[in-house]
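Visitor:
Number of protein chains: 2
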Amino acid sequence: MATADKKRNTGCPIAFALDTFGDRWSLMIIRDIALRGSRTYGEFRDTPEKIATNVLADRLRELEADGIIQKSRDPENQRKNIYSLTEKGCDLIPVVLEMVRWSAKYDRTTKVKASFLDKIESDREGFAMEIRSRLKDR
Amino acid sequence: MATADKKRNTGCPIAFALDTFGDRWSLMIIRDIALRGSRTYGEFRDTPEKIATNVLADRLRELEADGIIQKSRDPENQRKNIYSLTEKGCDLIPVVLEMVRWSAKYDRTTKVKASFLDKIESDREGFAMEIRSRLKDR
DNA sequence: CGCACATAGTTGCTTTTTGCAAGCACTCAT
DNA sequence: ATGAGTGCTTGCAAAAAGCAACTATGTGCG
Numbered sequence: 000m001a002t003a004d005k006k007r008n009t010g011c012p013i014a015f016a017l018d019t020f021g022d023r024w025s026l027m028i029i030r031d032i033a034l035r036g037s038r039t040y041g042e043f044r045d046t047p048e049k050i051a052t053n054v055l056a057d058r059l060r061e062l063e064a065d066g067i068i069q070k071s072r073d074p075e076n077q078r079k080n081i082y083s084l085t086e087k088g089c090d091l092i093p094v095v096l097e098m099v100r101w102s103a104k105y106d107r108t109t110k111v112k113a114s115f116l117d118k119i120e121s122d123r124e125g126f127a128m129e130i131r132s133r134l135k136d137r
Numbered sequence: 000m001a002t003a004d005k006k007r008n009t010g011c012p013i014a015f016a017l018d019t020f021g022d023r024w025s026l027m028i029i030r031d032i033a034l035r036g037s038r039t040y041g042e043f044r045d046t047p048e049k050i051a052t053n054v055l056a057d058r059l060r061e062l063e064a065d066g067i068i069q070k071s072r073d074p075e076n077q078r079k080n081i082y083s084l085t086e087k088g089c090d091l092i093p094v095v096l097e098m099v100r101w102s103a104k105y106d107r108t109t110k111v112k113a114s115f116l117d118k119i120e121s122d123r124e125g126f127a128m129e130i131r132s133r134l135k136d137r
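If you're matching them up, the sequences are chains A and B in order.
Everything in the first sequence is counted per this note's numbering, starting at 0 for the first residue and increasing by one.
Everything in the second sequence is counted per this note's numbering, starting at 0 for the first residue and increasing by one.
1) L84(B) bridges to which residues according to DSSP?
2) Examine chain A for any beta-carbon lying closer than 7 Å to the beta-carbon of Y82(B), and answer yes or no.
3) Leaving aside the five residues before and after D73(A) along the sequence, list all residues of the same chain whose C-beta is less than 6 Å from its C-beta, in chain order.
4) Determine the chain A residues that contact D90(B) at a beta-carbon separation under 8 Å, and present them in chain order.
5) Rounded to the nearest angstrom, how far is the Cβ of I28(A) from that of F43(A), given a contact under 8 Å?
6) Quick one: what does DSSP say T2(A) is sitting in, helix, strand or coil?
7) Give a yes or no on whether 7 Å exceeds the smallest Cβ distance from V111(B) to chain A.
8) Have a look at R133(B) and G88(A) and give me their C-alpha separation to the nearest angstrom.
9) On a CA-only basis, which of G21(A), R30(A), W24(A) is nearest V95(A)? Give me that one, please.
10) Please state if the CB of G10(A) and the CB of R23(B) are separated by a distance shorter than 7 Å.
11) In this structure, does DSSP put V94(A) in helix, strand or coil?
12) Alpha carbons only, please: which of E86(A), K6(A), Y105(A) is nearest the one belonging to G66(B)?
13) Note the first and the last residue of the continuous alpha helix (DSSP H) segment covering A51(B).
14) How big is the Cα-Cα spacing for I130(A) and K110(B)?
15) Measuring only the C-alpha atoms, how far is F126(B) from N76(A)?
16) Name, going along the chain, the residues of the region 29 to 59 of chain B whose beta-carbon falls closer than 7 Å to a beta-carbon of chain A.
17) On a CA-only basis, which of I68(B), P93(B), K135(B) is nearest K118(B)? Give me that one, please.
18) Tell me the rounded alpha-carbon separation between L17(A) and D57(B).
19) Nearest to T85(A) by CA position, among V99(A), K70(A), E97(A), M98(A), is which residue?
20) Verify the CB distance criterion: does P74(B) have a CB-CB separation below 7 Å to chain A?
21) According to DSSP, is E75(A) part of a helix, a strand, or is it coil?
22) Would DSSP call C11(B) helix, strand or coil?
23) So, under 8 Å CB-CB, L55(A) and Y40(A) are touching, yes? Tell me the CB distance rounded to an integer number of Å.
24) Less than 7 Å between the beta carbons of D90(B) and W101(A), yes or no?
25) Output the distance between the C-alpha atoms of E48(B) and M98(A), rounded to the nearest integer angstrom.
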């Protein structure tokens, strides 16, 4: 059973956002799709962060239920499910990019490339759009 | 005992950010300081979201340990601790504002004012600076 | 068909975290 | 000195996360 729905529903936007993706793993999945091009269960599972498979299955269910991602069958391999961001999910890209900016500034061991950072700094909206269309073209 | 330090340390900026404030409560505290002007334990405790006091104490410890907030005594009332954002914490304001934008768009019951949203849309950086200086002037 | 393998999960169990109610310690005001 | 305000801690129950093993279904190939 998926995590019980205990949304706070106080009208606060931060509470709303955290109820949707404010846990240790949801945003990681969104990152995998948006920035790493991941699309399948196996790709989400095999990241350095090592999510437990039951938690992964649970989060995929929740994110789909919340309309952040959508699931479809890979026409070329019926074993695979293809997960992708919905419009609502794509709208989280700016949030992700701001987090990248912040972490790049404060993580001494960051692996964020200067060129990536430059793109965010110089044209945030444009870069977000670029990522979106890259996702659409797959 | 504070939550054990189990940072993932994979070099990924999203993992880094989530390790710092990626839980149900940390960002709520940051919101309280940045957007609601909260500064004391009691103010953090008495929000509609009803954080448990042990979790609150734990998060305040963690956020301080991570250099996001700092703690000082209220000179006018020695019973009170004043919590405020450090520079590192203030740099999270853009992340918070992007989350507000997203939630305002997708939460049908949002309480975000149109005027607040307009400020974000029209001059994001300027608005972030405005919030920062408002915090400094207290 | 029949079998090995790939992919995507589920299940059962342990550990960790959260939630909740009560209580403690220090400070202030009188 | 006392009682109330503020900021916590403690102990215990409930929920979630982590872990390892197992199941289910589709694919490719002899």
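Glycine residues also receive a C-beta, built at the ideal position from the N, C-alpha and C atoms.
Guide: On the basis of the coordinates in this document:
1) One-based indexing of the second sequence puts residue 84(B) at position 85. Per DSSP, I68(B).
2) Along the second sequence, read from residue 1 onward, the residue named residue 82(B) stands at position 83. So no, Y82(B) is outside the interface.
3) Start at 1 with the first residue of the first sequence, and residue 73(A) comes out as number 74. Counting only Cβ-Cβ distances below 6 Å, and skipping sequence neighbours, we find K79, I81.
4) As a first step, residue 90(B) is located in the second sequence; it is residue number 91 there, counting from the start. Ordered by position in chain A, the residues that pass the 8 Å Cβ test against D90(B) are W101, K104, Y105.
5) As a first step, residue 28(A) must be located in the first sequence, where it is residue number 29. As a first step, residue 43(A) must be located in the first sequence, where it is residue number 44. So it is a contact: roughly 6 Å between Cβ atoms.
6) Numbered from its first residue, the first sequence carries residue 2(A) at position 3. Model confidence at T2(A) stands at a pLDDT of 41, short of 50, so the residue's coordinates are unreliable; what they give is reported in the following sentence. Coil.
7) As a working mapping, residue 111(B) is identified with position 112 in the second sequence. With 7 Å as the cut-off, V111(B) counts as an interface residue toward chain A.
8) The residue you call residue 133(B) lines up with position 134 of the second sequence. The residue you call residue 88(A) lines up with position 89 of the first sequence. Computed Cα separation, rounded: 32 Å.
9) As a working mapping, residue 95(A) is identified with position 96 in the first sequence. Measuring from the Cα of V95(A), the nearest candidate turns out to be R30(A).
10) Mapped onto the second sequence, residue 23(B) falls at position 24. Mapped onto the first sequence, residue 10(A) falls at position 11. Annotated as distal: R23(B) and G10(A), with beta-carbon spacing of 7 Å or more.
11) On the first sequence, residue 94(A) is found 95 positions in, with the first residue counted as 1. The answer is helix: DSSP assigns V94(A) an H, G or I state.
12) Reading the second sequence from its first residue, position 67 is the one you call residue 66(B). With distances taken between Cα atoms, G66(B) lies closest to Y105(A).
13) As a first step, residue 51(B) must be located in the second sequence, where it is residue number 52. Annotation for A51(B): no alpha helix (DSSP H) segment contains it, and DSSP assigns it neither H nor E.
14) In the first sequence, counting from the first residue as 1, residue 130(A) sits at position 131. In the second sequence, counting from the first residue as 1, residue 110(B) sits at position 111. Roughly 30 Å separates the two Cα atoms.
15) For this step, residue 126(B) is matched to residue 127 along the second sequence. For this step, residue 76(A) is matched to residue 77 along the first sequence. Rounded to whole angstroms, the gap between the alpha carbons of F126(B) and N76(A) is 49 Å.
16) So the list reads R30, P47, E48, given in the order they occur along the chain.
17) Walking along the second sequence from the start, residue 118(B) turns up at place 119. Comparing Cα positions, the closest option is P93(B).
18) Counting from one through the first sequence, the residue named residue 17(A) turns up at place 18. Counting from one through the second sequence, the residue named residue 57(B) turns up at place 58. L17(A) and D57(B): Cα-Cα distance of roughly 18 Å.
19) Taking the first residue of the first sequence as position 1, residue 85(A) is located at position 86. Each of V99(A), K70(A), E97(A), M98(A) was checked against the Cα of T85(A), and the nearest Cα belongs to K70(A).
20) Here residue 74(B) refers to the residue found at position 75 of the second sequence. No, no contact with chain A.
21) As a working note, residue 75(A) is residue 76 in the first sequence. Three-state DSSP puts E75(A) in coil, outside helix and strand.
22) By one-based count along the second sequence, residue 11(B) stands at place 12. Coil at C11(B), not helix or strand.
23) Along the first sequence, read from residue 1 onward, the residue named residue 55(A) stands at position 56. Along the first sequence, read from residue 1 onward, the residue named residue 40(A) stands at position 41. Between the beta-carbon of L55(A) and that of Y40(A) there is about 7 Å, and that keeps the pair under the 8 Å contact cut.
24) The residue you call residue 90(B) lines up with position 91 of the second sequence. The residue you call residue 101(A) lines up with position 102 of the first sequence. For the pair D90(B) and W101(A), the CB atoms are nearer than the 7 Å cut-off.
25) In the second sequence, counting from the first residue as 1, residue 48(B) sits at position 49. In the first sequence, counting from the first residue as 1, residue 98(A) sits at position 99. Cα to Cα, the separation comes out at about 24 Å.
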